[in-house]
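Using the working numbering, the first residue of the sequence shown is number 15, and each one after it goes up by one.
Just so you know, even glycine gets a beta-carbon here, dropped at the ideal spot from N, CA and C.
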Amino acid sequence: MAESYADKNGIYPTLPTADTVVHNSRDPYGINKHFQLDFFNVIAEPDQSAYSFDLLHRASRQVYKYSKLFIYRLLTVIFGLPLMLFWGLIIGAYTFLMIWVLTPIRRLNQSMIAEAGIYVQTISDAVIAPLYRSLGQMWSGWPARTQASVKKLADLFYSLE
15 MAESYADKNG
25 IYPTLPTADT
35 VVHNSRDPYG
45 INKHFQLDFF
55 NVIAEPDQSA
65 YSFDLLHRAS
75 RQVYKYSKLF
85 IYRLLTVIFG
95 LPLMLFWGLI
105 IGAYTFLMIW
115 VLTPIRRLNQ
125 SMIAEAGIYV
135 QTISDAVIAP
145 LYRSLGQMWS
155 GWPARTQASV
165 KKLADLFYSL
175 E
């Protein structure tokens, strides 16, 4: 089987090696690194002139932390399992289609196009190339008109008026 150019050119992302995987993480491959929403990434007091009371700041941090955790866990309990069932079905169906339907069709089409290309090349070499070569030789005797010769013809035309 031919080797895929996508793998050589790095189009598809590669999974990290065992050295780079964080073992106690629930996101070991870092697919949600961009999604950092802890308190200091959302609420940031830029300098001392914009500081709130220290007690209020600590309380705000705790309220934010636990309300975010509570609503996340509540929504996960209510919607998490049905969504995982949905995504499992979708990704399972997609995987089935890719492996058993689309990839064989793509490989068949690639093979058919390659085979048709052989016939197109043969017809082109046998019919089209000689035809255009003979037309080129037939018309090569005609003089080419340059900008200067066109200007001379225009001057001649306008002088007749």
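Inter-residue Cα distance where the pair is residue i and residue j
i	j	result
residue 124	residue 117	10 Å
residue 110	residue 46	26 Å
residue 80	residue 101	28 Å
residue 71	residue 90	28 Å
residue 134	residue 119	22 Å
residue 166	residue 156	18 Å
residue 83	residue 103	28 Å
residue 152	residue 108	58 Å
residue 62	residue 97	44 Å
Among the options, nearest to residue i - alpha-carbon criterion
i	options	result
residue 162	170, 80, 99	170
residue 51	99, 115, 150, 78	78
residue 76	57, 94, 61, 92	57
Cut-off 8 Å between Cβ atoms - residues of its own chain near residue i, not counting five sequence neighbours on either side
i	result
residue 147	none
Heavy atom of the ligand NAP within 6 Å of residue i beta-carbon
i	result
residue 50	No copy of the ligand NAP appears in this structure; indeed no ligand is present at all.
CB contact check: residue i to chain D, cutoff 7 Å
i	result
residue 113	No chain D appears in the structure shown, which is made up of a single protein chain.
Quick one: complete alpha helix (DSSP H) runs, 4+ long, within the segment 112–156? 117–137, 143–153
Could I get the ranges of all uninterrupted alpha helix (DSSP H) runs contained in the segment 38–108, with 4 residues as the minimum, in chain order? Whole alpha helix (DSSP H) segments, 4+ residues: 53–56, 68–89.
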